[in-house]
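Enquirer: Submitted below is the structure of interest, expressed as structure tokens.
Number of protein chains: 2
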Amino acid sequence: RKVLKKNDDLAAENRACFMSRRTFAVNLLSSPGSGKTSLLERTVDALKHELRIAIIEGDVQTDNDARRIAAHGVPVAQIVTNGLCHLEASLVQSALPQLPEDMELCVIENVGNLVCPASYDLGEHMKITIVSTTEGDDKPLKYPAMFRRSSVLIVNKIDLLPYVQFSVDACIANAHSVNPELLVFTTSCSSGEGIDAWCDWLRDRVRELR
Amino acid sequence: RKVLKKNDDLAAENRACFMSRRTFAVNLLSSPGSGKTSLLERTVDALKHELRIAIIEGDVQTDNDARRIAAHGVPVAQIVTNGLCHLEASLVQSALPQLPEDMELCVIENVGNLVCPASYDLGEHMKITIVSTTEGDDKPLKYPAMFRRSSVLIVNKIDLLPYVQFSVDACIANAHSVNPELLVFTTSCSSGEGIDAWCDWLRDRVRELR
Ligand SMILES: Nc1nc2c(ncn2[C@@H]2O[C@H](COP(=O)(O)OP(=O)(O)OP(=O)(O)O)[C@@H](O)[C@H]2O)c(=O)[nH]1
Ligand SMILES: Nc1nc2c(ncn2[C@@H]2O[C@H](COP(=O)(O)OP(=O)(O)OP(=O)(O)O)[C@@H](O)[C@H]2O)c(=O)[nH]1
Ligand SMILES: [Mg+2]
Ligand SMILES: [Mg+2]
Ligand SMILES: [Zn+2]
Ligand SMILES: [Zn+2]
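Heads up: the protein sequence lines correspond to chains F and X, in order.
Read in order, the letters of the first sequence correspond to residues 785 to 994 in the numbering used here.
Read in order, the letters of the second sequence correspond to residues 785 to 994 in the numbering used here.
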């Protein structure tokens, strides 16, 4: 379709911009409320003293998430889509001038939606999808495109495992049946479990680029 | 837009069909994994001996949810959207012939998505939106259109309240700031708490129509 072609052209421009500045750019995706902002708060706290980080927040309404991130002391730009259920490359392009040119890591938190954001390239290096243990371990099978196009799967809220019907092994097996290359982390943004391993991996990706 | 106009025409046909048969039709909405199918399993078990119930399941991929419902012994039709992130009236219209004409209650479980399903009338009497306590109490503010167009809000997974940062009062206040008319139930599909009150209300709506 013509819409995606135009989007892809702008995404390529964004990507060229990230590459020329050697900024590692990530598109962070999940259902509403899986913990995207919570993971960013933990990640920013762990890495802000050693990496120049900036965040782009995408939401249908409110700037709540940008306020949460700003309180952690890193640059953040809020995109309000006014009803659009996904971010597009043009929205990211218009947000970029609000952020420092020398940022080493740029994470774009997409609109909470497990379907169409998978189809809109924003110019990122990779897509990272979060699934919460409270959503059911069948999500990779029921919403496959997102998992197929992602490089990393984060299973978040593992502190809630004792109280929900969720098998981490089944979820990972389902995800690998859709995308065998998927790298998996398990985390809890409330207890902090698994955050170090995730941050170590992310730091390595940023360092590799520079 | 022309797409929504055509959809609205088909929705009107569906609605006329439901009304002529005096079927109470509900469009059940939420994020992925909030508990739509779990609530339907509980509801069907509670009401199937006194009401003629049929379910329409909408999913991007798999017929997992229809199998879960079928195991409870009521008629169910599965719509697989193959990537479309919401149900449309035409899909519901083509599923209706698979269900008994004398059904008294028809619940349409929509694709898990808090954004665009709000814009597609399926011919239902009302939209019912579920929020899980694990998603955060800010969802009505961040994804307002769904709450504005719904008649009922169900706050599900209240058994998990001791383990999450979620205020039921704040969530309800946020929802009422978007839609003051919203009727609210709180439930747990695992403990069964609140299910009776929800089923009582639903039975009354079906009875009213006949
Ligand atoms: N128990 C527990 N709760 C968590 C965890 N991570 C996030 N939460 C809670 O989950 C809810 C949603 O978290 P957010 O970080 O706002 O989720 P989000 O994906 O950014 O949500 P949207 O941007 O609205 O789509 C909040 O109430 C958080 O406190 C976790 O690891 N464990
Ligand atoms: N603790 C707890 N878990 C629940 C509750 N309701 C549902 N769950 C769990 O939440 C997960 C998702 O439930 P589903 O009923 O499949 O959710 P859904 O909204 O139908 O999901 P999709 O159709 O994939 O969008 C499952 O692991 C359920 O066991 C509840 O009240 N309490
Ligand atoms: Mg967020
Ligand atoms: Mg379901
Ligand atoms: Zn979309
Ligand atoms: Zn859609």
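The beta carbon of each residue, even a glycine, is placed where N, CA and C say it ideally should be.
(1) Just the chain F side, please: which residues come within less than 8 angstroms of X/Ser916 by C-beta, in chain order?
(2) Roughly how many whole angstroms lie between the Cα atoms of F/Arg851 and F/Glu825?
(3) Going residue by residue through the region 919-968 of chain F, where are the continuous beta strand (DSSP E) segments of at least 3 residues, counting only ones entirely within it?
(4) At what residue ranges does the region 868-922 of chain X contain a whole run of the alpha helix (DSSP H), taking only runs of 4 or more?
(5) X/Thr918 and X/Ile938: beta carbons closer than 9 angstroms?
(6) What would DSSP say about F/Asp843, mapped onto helix, strand or coil?
(7) According to a CB-to-CB cut-off of less than 7 angstroms, which residues of the region 853-884 of chain X neighbour chain F?
(8) Assuming F/Ile840 contacts F/Ala879 under a Cβ cut-off of 8 angstroms, what Cβ separation, rounded to an integer in Å, is found between them?
(9) Please tell me whether F/Asp953 has its Cβ less than 9 angstroms away from any Cβ of chain X.
(10) Return yes when the C-beta of X/Tyr947 is under 8 angstroms from any heavy atom of ligand 1, and no when it is not.
(11) Going by the beta-carbon positions, is the gap between F/Asp922 and X/Thr846 smaller than 9 angstroms?
(12) What are the start and end residues of the alpha helix (DSSP H) that includes F/Ser974?
(13) Below 8 angstroms on the Cβ atoms is my contact criterion, and I expect F/His856 with F/Val828 to pass it. Report the Cβ-Cβ distance as a whole number of Å.
(14) Please report the distance separating the alpha-carbon of X/Asn897 from that of F/Val899.
(15) For F/Ser975, which of F/Arg994, F/Pro884, F/Ser822 has the nearest alpha-carbon?
(16) Give the range of the beta strand (DSSP E) segment to which F/Ala809 is assigned.
(17) Would F/Cys900 count as contacting chain X if we go by Cβ distances under 9 angstroms?
(18) Run through DSSP, which three-state label would X/Ala861 get?
(19) Tell me which residues of the region 927-942 of chain F have at least one Cβ-Cβ distance to chain X shorter than 9 angstroms, keeping chain order.
(20) Quick one: list the residues of chain X neighbouring F/Leu944, beta-carbon separation under 8 angstroms, in chain order.
(21) Within a Cβ cutoff of 6 angstroms, which residues of the same chain sit near F/Gln862, ignoring the five residues on either side of it in sequence?
(22) So the candidates are F/Leu944, F/Ser961, F/Asn958; which of them puts its Cα closest to the Cα of X/Tyr947?
(23) On the premise that X/Leu967 lies in contact with X/Ala959, defined as a C-beta separation below 8 angstroms, what is that separation, rounded to the nearest angstrom?
(24) Using a threshold of 8 angstroms, is the CB atom of X/Asn866 nearer than that to any non-hydrogen atom of ligand 5?
(25) Taking C-beta to C-beta, are X/Lys776 and X/Gly819 nearer than 9 angstroms?
(26) I'd like the span of the alpha helix (DSSP H) that includes F/Lys820, first residue to last.
(27) For X/Ala855, name the three-state secondary structure that DSSP assigns.
Expert: If we stick to the structure as given:
(1) Translated into positions along the second sequence, residue 916 of chain X becomes position 132. Against chain F, the beta carbon of X/Ser916 has neighbours under 8 angstroms at Gly817, Thr918, listed in chain order.
(2) As a first step, residue 851 of chain F must be located in the first sequence, where it is residue number 67. As a first step, residue 825 of chain F must be located in the first sequence, where it is residue number 41. Pairing F/Arg851 with F/Glu825, the inter-Cα distance amounts to about 11 angstroms.
(3) Restricted to the region 919-968 of chain F, the beta strand (DSSP E) segments that are unbroken, complete and at least 3 residues in length are 936-940, listed in chain order.
(4) Along the region 868-922 of chain X, the alpha helix (DSSP H) occurs as fully enclosed runs of 4 or more residues at 873-879, listed in sequence order.
(5) In the second sequence, the residue the question calls residue 918 of chain X occupies position 134. In the second sequence, the residue the question calls residue 938 of chain X occupies position 154. Against a cut-off of 9 angstroms, the Cβ pair of X/Ile938 and X/Thr918 comes out as no contact.
(6) Locating residue 843 of chain F in the first sequence gives position 59, counting from the first residue. For F/Asp843, the secondary structure class from DSSP, reduced to helix, strand or coil, is strand.
(7) Those residues of the region 853-884 of chain X that come within reach of chain F (Cβ to Cβ, closer than 7 angstroms) are Gly867, Cys869.
(8) Within the first sequence, the letter at position 56 stands for residue 840 of chain F. Within the first sequence, the letter at position 95 stands for residue 879 of chain F. 5 angstroms between Cβ atoms; contact.
(9) Numbered from its first residue, the first sequence carries residue 953 of chain F at position 169. Residue contact check for F/Asp953 against chain X: no CB pair falls below 9 angstroms.
(10) As a first step, residue 947 of chain X must be located in the second sequence, where it is residue number 163. Yes; taking the cut-off as 8 angstroms, the Cβ of X/Tyr947 has a heavy atom of ligand 1 nearer than that.
(11) Position 138 of the first sequence, counted from the start, is the residue given in the question as residue 922 of chain F. Position 62 of the second sequence, counted from the start, is the residue given in the question as residue 846 of chain X. In contact: F/Asp922 and X/Thr846 (Cβ atoms closer than 9 angstroms).
(12) Residue numbering aside, residue 974 of chain F sits at position 190 when the first sequence is read from its first letter. Element bounds for F/Ser974: n/a, residue is neither H nor E.
(13) To locate residue 856 of chain F, count along the first sequence from 1; it is residue 72. To locate residue 828 of chain F, count along the first sequence from 1; it is residue 44. That belief holds up - the Cβ atoms of F/His856 and F/Val828 are roughly 5 angstroms apart, short of 8 angstroms.
(14) For this step, residue 897 of chain X is matched to residue 113 along the second sequence. For this step, residue 899 of chain F is matched to residue 115 along the first sequence. Here the alpha carbon of X/Asn897 sits roughly 8 angstroms from the alpha carbon of F/Val899.
(15) Locating residue 975 of chain F in the first sequence gives position 191, where the first residue counts as 1. Ranking the options by Cα distance to F/Ser975, first place goes to F/Ser822.
(16) Walking along the first sequence from the start, residue 809 of chain F turns up at place 25. In the DSSP assignment, F/Ala809 falls within the beta strand (DSSP E) that extends over 808-813.
(17) For the purposes of this step, residue 900 of chain F is identified with residue 116 of the first sequence, where counting begins at 1. Yes, because at least one Cβ of chain X sits closer than 9 angstroms to the Cβ of F/Cys900.
(18) Within the second sequence, the letter at position 77 stands for residue 861 of chain X. X/Ala861: strand per DSSP, three-state reduction.
(19) The residues in question are Tyr927, Pro928, Ala929, Lys941.
(20) Within the first sequence, numbered from 1, the residue matching residue 944 of chain F stands at position 160. Chain-ordered, the chain X residues with CB closer than 8 angstroms to the CB of F/Leu944 read Thr918, Leu944, Tyr947, Val948.
(21) Position 78 of the first sequence, counted from the start, is the residue given in the question as residue 862 of chain F. Closer than 6 angstroms at the Cβ level, and outside the excluded window around F/Gln862, lie Glu841, Asp847, Ala850.
(22) As a position in the second sequence, residue 947 of chain X is number 163, starting the count at 1. It is F/Leu944.
(23) The residue labelled residue 959 of chain X in the question sits at position 175 within the second sequence. The residue labelled residue 967 of chain X in the question sits at position 183 within the second sequence. The beta-carbon distance between X/Ala959 and X/Leu967, rounded to whole angstroms, is 10 angstroms. This is too long to meet the 8 angstroms contact definition.
(24) In the second sequence, residue 866 of chain X corresponds to position 82, counting from 1. No; taking the cut-off as 8 angstroms, the Cβ of X/Asn866 has no heavy atom of ligand 5 nearer than that.
(25) No answer is possible for residue 776 of chain X: it lies beyond the span of chain X, which begins at 785 and ends at 994.
(26) Working through the first sequence from its first residue, we reach residue 820 of chain F at position 36. From DSSP, the alpha helix (DSSP H) with F/Lys820 extends over 820-831.
(27) One-based indexing of the second sequence puts residue 855 of chain X at position 71. X/Ala855 falls in the coil class under three-state DSSP.
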